[in-house]
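If you're matching them up, the sequences are chains A and B in order. Each residue of the first sequence is one higher than the one before, starting from 1 at the first, in my numbering. Each residue of the second sequence is one higher than the one before, starting from 1001 at the first, in my numbering. Glycine included, each C-beta is placed from N, C-alpha and C at the ideal position. As structure tokens, the structure follows; a few thoughts come after it.
2 protein chains.
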Amino acid sequence: MALLDAGRSMGRAFSVRELHAAAQRAEPKLGLTTAYRTVERWREEGWAEDAGSRGGEAVYVLCAAQGHHHHVVCVDCGATALLEGCALEPARDSARSAGFDLLDSALAALPARCATCADGDGGRG
Amino acid sequence: MALLDAGRSMGRAFSVRELHAAAQRAEPKLGLTTAYRTVERWREEGWAEDAGSRGGEAVYVLCAAQGHHHHVVCVDCGATALLEGCALEPARDSARSAGFDLLDSALAALPARCATCADGDGGRG
DNA sequence: GCAAGAACGATAATGGTTTTCATATTTTGC
DNA sequence: GCAAAATATGAAAACCATTATCGTTCTTGC
């Protein structure tokens, strides 16, 4: 499927519109509706995770790793990295003592800034 | 200002529409545009923080505490709690070793579920 | 080949947010 | 107190990502 190839070749977080544009290079007739439907299916089946939004568009990350894990995602350029271990356990404990359960699904992609964008050049801009 | 009174009396995360509706009880002529503009100003000045979205609407929390702190916010009912200390330091260290800086501003409100909503009654629903 | 069902793509509709613009309010200078 | 400038306000329109609609096309099984 062209969308899956496009997603894997991005290597970073992407919006549905970006995914659609990339996939259209291989499959020109591919419609935006299908891109939305496919990303929604990826999310339901655990292959993609919500990574917040950038410029008013929701962005997603394709995650090879199944199971419990967390990414960091650069809010400027979409670069991602997989965090080792579970760095959120202390936060989870703290939340639990306040009577709350942290939502792993909503914290799978932690907003951050990569070294390149922090240097001020704006990343891929 | 009616909007500030409304925000403080909510005691939980709120959308702009909810804030506007609450403030209109005291100030019937208050417009939705002003509510949006005011929340934006609160964010710029550090009095309010982005708390994700609920039902397609962006939600915010009014934070009494200035300085470095984190909230947990129930994604169902909007209940909030202030976390003691900085429970995200391990995550920050892990991200730093991958070359990323976690964004405190985007992590000021951690998505969670409160005990009431976890019990299955849907909170304020 | 044929029927039933699923997937597709173009278009329209939805709805939260932003912009526009004319009016009302406050501030400033005297 | 008064006029001019600057600012804040609110109603309506514009914007745009996302979702729903609907007719068409591709599978699947026989």
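**Request:** Report the neighbours of residue 1119(B) on chain A: residues whose CB is nearer than 9 Å to its CB, in chain order.
**Result:** Going along chain A, no residue has its Cβ under 9 Å from residue 1119(B), so there is no contact; the nearest lies around 11 Å.
**Item:** Separation of residue 109(A) from residue 1015(B), as counted between CA atoms
**Value:** 23 Å
**Prompt:** If you measure from the beta carbon of residue 1108(B) to each beta carbon in chain A, is any gap under 8 Å?
**Reply:** no
**Asked** Going by alpha carbons, who is nearest to residue 59(A) out of 68(A), 65(A), 49(A) and 67(A)?
**Response** 49(A)
**Prompt:** Under 8 Å Cβ-Cβ, which residues of chain B neighbour residue 99(A)?
**Reply:** 1081, 1114 and 1115
**Asked** How do the region 88 to 97 of chain A and the region 1077 to 1096 of chain B stand: do at least 3 beta-carbon pairs fall below 8 Å, yes or no?
**Response** yes
**Asked** Run through DSSP, which three-state label would residue 1123(B) get?
**Response** Low per-residue confidence applies at residue 1123(B): pLDDT is 47, beneath 50, and the placement is therefore not dependable enough to give any value.
**Message:** Any beta carbon of chain A sitting closer than 8 Å to that of residue 1009(B)?
**Reply:** no
**Request:** Have a look at the DSSP bridge pairing and note the partners of residue 34(A).
**Result:** Its beta-bridge partners do not exist; DSSP assigns none.
**Prompt:** In this structure, does DSSP put residue 2(A) in helix, strand or coil?
**Reply:** helix
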